[in-house]
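Start counting the sequence shown at 1058; every next residue gets the next number (my numbering).
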Amino acid sequence: MKKVVLTFAVILIVAGISFAQKYAFIDSEYILENIPAFTAAQEQLDQLSSQYQKELESMHAEIEQMYQDYQAESVLLSEDMKRKREDVIITKEKDYKQLQAKYFGPNGDLFKKRQGLVKPIQDDIFNAVQEIANEGSYATVFDKAGGTTLFYTNPRYDLSDQVLQKLGYK
């Protein structure tokens, strides 16, 4: 009876091992840093962001100056002139906020530009990871850089270099 139980236990352990899922990980930051197109896209986005920021800062300084001038001259202005100046300042502030949303909002110009430049690279990485995972029979591939906490990773299971190789960068 002991032999039957022992044999059955060994069969279950071997079967469990053969059906064990394989896991691997990548480091998307490392992959992206090694893709020149991504680095160029980041530089282009940084320049565009800086340009938009300068334009907004200039507009904000203009609004601040208008407000300071209004405060300094308000004692000399009639109620009608005060109201007109206030309306001009309020309109300028609204324009500022609209421009800020146009550039940096959730569907703003910078977001759209980022989608156009970075999304194709990310899609290529995703496709390469998917191919490698299918070829290597990996059940799950984690991203070490994506906020998933991995306390220990064996470099043997790091597919980052394989992804770069699949994309033609190594």
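All residues carry an ideal CB built from backbone N, CA and C; glycine is no exception.
Which two residues bound the contiguous alpha helix (DSSP H) that contains Tyr-1087? 1085 to 1090
Three or more C-beta pairs closer than 8 Å, one from the segment 1103 to 1110 and one from the segment 1077 to 1090: is that the case here? no
Integer-rounded CB distance, given that Lys-1227 should sit under 8 Å from Asp-1218: 6 Å
Strictly by DSSP, which residues pair up with Phe-1199? Phe-1082
Between which two residues does the alpha helix (DSSP H) holding Pro-1177 run? 1166 to 1192
Between Tyr-1080, Leu-1089, Arg-1171 and Gln-1078, which has its C-alpha nearest Leu-1221's C-alpha? Leu-1089
Contact the segment 1158 to 1167 vs the segment 1116 to 1125: 3+ CB pairs below 8 Å: no
For Ala-1196, does the count of other Cβ atoms within 10 angstroms reach 16, so buried, or fall short, so exposed? exposed
Per DSSP, which residues does Asp-1215 bridge with? Please list them. Phe-1082
Out of Glu-1192, Phe-1095 and His-1117, which has the shortest C-alpha to C-alpha gap to Tyr-1080? Glu-1192
Under three-state DSSP, which class holds Leu-1105? helix
Apply the 10 Å Cβ neighbour rule to Val-1186 and answer buried if 16 or more other Cβ atoms are within range, or exposed otherwise. buried
Quick one: any contact between the segment 1146 to 1162 and the segment 1093 to 1100, if contact means 3 or more CB pairs under 8 Å? no
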